[in-house]
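Participant: I have a structure I would like to understand better, so I am pasting it below and will then ask my questions one at a time.
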Amino acid sequence: MNALAAVAREVVGLFVDDGWLAAAIVAVVALAGLAAALVPNVYLPAGLILLVGCLGVLVANVLAAVRR
Amino acid sequence: MGGVAQIGPVMTAVFLASLVEAVEALTIILAVATVRGWRPAGVGALAGLISLAVIVLALGPALEIVPLRLLQLAIGILLLLFGMRWLRKAILRAAGVLALHDEEKAFAATTAELRREGAAAAQRADWLAGVASYKAVLLEGLEVVFIVIAVSAGRGLLLPASVSALAACALVAVAGLIVYRPLARVPENTLKFAVGVMLSAFGVFWTGEGLGVPWPGEDLAIVVFVALFLATGLVSISLVQRSRTATAR
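Residue numbers (the numbering used here), protein chains in the order written: chain A, 217 to 284; chain B, 348 to 596.
What follows is the structure in structure tokens.
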């Protein structure tokens, strides 16, 4: 049972290492989804939010990691 | 069938990622073989491969019943989480914030642990060694399986992606058997950086497609995303290094 829990923890760890980063990525995707839902048939703003948001989250996260 | 603009990045990303994971699994298997012999190492690795095959066989048909848009969105988000995690770690390692992953050190730590466990419970030593080998193959293999499925699902690229992964694993296995020591010279962080860049680019592309975004240039947008993530990664390394230098003064 312990081994199974350890494997499950490691599987989750494949995607979530730094909780801040994972939460920020999910927030960016949610924001892009919201933009796509609010402005139907004009999807490019959602794409821009997604792309720029992910790049911004990456830079902000590594800089925050250095300060930590 | 996937576009030409996708086959190259897909095969490269899968090959490099599989190379990294196979090197990490090989280190543990070699440690087990060194301490307890090839039998528990081989049996554990084989059991790990069988478990992976079962997971792939169970997961494959299940993926076919999921609507494409939902599949793209879910896999896109997982790719973003997975790829940006690798990219973040590779940037911090390249900038000297985190220590580089050292296969020699991992090998020494695993052999020391197995020797300790063997001394404490001699009769269970082979079993524990086999479990270590099994876990290494299963966990590293799961990452390979995820990457293969994630970058090829719904695109008809499962075959080239699988061939890429198998080629990388075979290459590492042959190299490991020949040198019979951890492959410490593989530039693991550079590979992880490259894979992180590509998986993050695929993640943005498929998450966008899942949301209904019609990317300009269609599949060619992936190449632009790769370039943007690469540039951002390199700039981030430089920013972190400068920030550390300024703090040290």
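From the three backbone atoms N, C-alpha and C, an ideal C-beta is built for every residue, glycine too. Everything numeric in this text was worked out from a predicted model, so none of it was measured.
(1) Can you find a C-beta in chain B that's less than 7 Å from the C-beta of Leu266/A?
(2) Note down, in chain order, all residues in the segment 543 to 556 of chain B with a beta-carbon under 8 Å from any beta-carbon belonging to chain A.
(3) Which two residues bound the contiguous alpha helix (DSSP H) that contains Gly523/B?
(4) Please tell me whether Ala281/A has its Cβ less than 7 Å away from any Cβ of chain B.
(5) Taking 7 Å as the threshold (C-beta atoms), are Val542/B and Trp433/B in contact?
(6) Helix, strand or coil: which one does DSSP assign to Met348/B?
(7) Tell me, to the nearest whole angstrom, how far the beta carbon of Gln419/B is from that of Gly557/B; I am working on the premise that it is less than 8 Å.
(8) Rounded to whole angstroms, how far is the Cβ of Leu461/B from the Cβ of Val379/B, which I believe are closer than 8 Å?
(9) Suppose you measure from the CA of Leu247/A to the CA of Leu399/B; what does that come to, to the nearest Å?
(10) May I have the straight-line CA-CA distance separating Met348/B from Ile412/B, to the nearest angstrom?
(11) Can you tell me the Cβ-Cβ gap for Arg383/B and Ala472/B, rounded? I've got them flagged as a contact below 8 Å.
(12) Just how far apart, CA to CA, sit Leu406/B and Leu505/B?
(13) Could you name the residues of the same chain whose beta carbon sits closer than 8 Å to that of Val573/B, not counting the 5 residues immediately before and after it, in chain order?
(14) By the three-class DSSP mapping on this structure, what secondary structure does Ala441/B have?
(15) Below 8 Å on the Cβ atoms is my guess for Leu267/A versus Glu490/B; work out the distance and round it to an integer in Å.
(16) Which term fits Asn277/A, buried or exposed, when burial requires 16 or more other beta carbons within 10 angstroms of its beta carbon?
(17) Below 8 Å on C-beta distance, what does Thr579/B contact in chain A?
(18) Classify Trp562/B as helix, strand or coil using the three-state DSSP reduction.
(19) Let me know the beta strand (DSSP E) ranges lying completely inside the segment 454 to 497 of chain B, each 3 residues or longer, listed in chain order.
(20) Going by beta carbon distance, what residues of the same chain come within less than 6 Å of Gln588/B, once the five residues before and after it are set aside?
(21) Work out the CA separation of Arg596/B and Ser590/B for me, nearest whole Å.
(22) On the three-state DSSP scale, how would you describe Gly609/B?
(23) Given that a residue counts as buried once 16 or more other Cβ atoms are within 10 Å of its Cβ, and exposed if not, what is Thr457/B?
(24) Please report the distance separating the alpha-carbon of Arg440/B from that of Asn257/A.
(25) What is the rounded straight-line gap between the Cα of Leu254/A and the Cα of Phe552/B?
Facilitator: In short, the structure shows the following:
(1) yes
(2) Ser547, Gly550, Val551, Thr554, Gly555
(3) 505 to 526
(4) At a cut-off of 7 Å between beta-carbon atoms, Ala281/A makes contact with chain B.
(5) yes
(6) Residue confidence is low: Met348/B scores 43 on pLDDT, short of 50, so the model does not pin down where it sits. No coordinate-derived value is stated.
(7) 4 Å
(8) 7 Å
(9) 35 Å
(10) Low confidence applies here, because Met348/B scores a pLDDT of 43, under 50, leaving its location unreliable and the question unanswered by this model.
(11) 6 Å
(12) 13 Å
(13) Pro356, Val544, Met545, Ala548
(14) helix
(15) 25 Å between Cβ atoms; not a contact.
(16) Asn277/A should be labelled buried.
(17) Leu271, Leu274, Val275
(18) Secondary structure at Trp562/B: coil, using DSSP grouped into helix, strand and coil.
(19) none
(20) The answer, listed in chain order, is Ala442.
(21) In a straight line, the C-alpha of Ser590/B is about 10 Å away from that of Arg596/B.
(22) The structure shown does not extend to residue 609/B, since chain B is modelled only from 348 to 596, so the question has no answer here.
(23) buried
(24) As the crow flies, the alpha-carbon of Arg440/B is around 42 Å from that of Asn257/A.
(25) 20 Å
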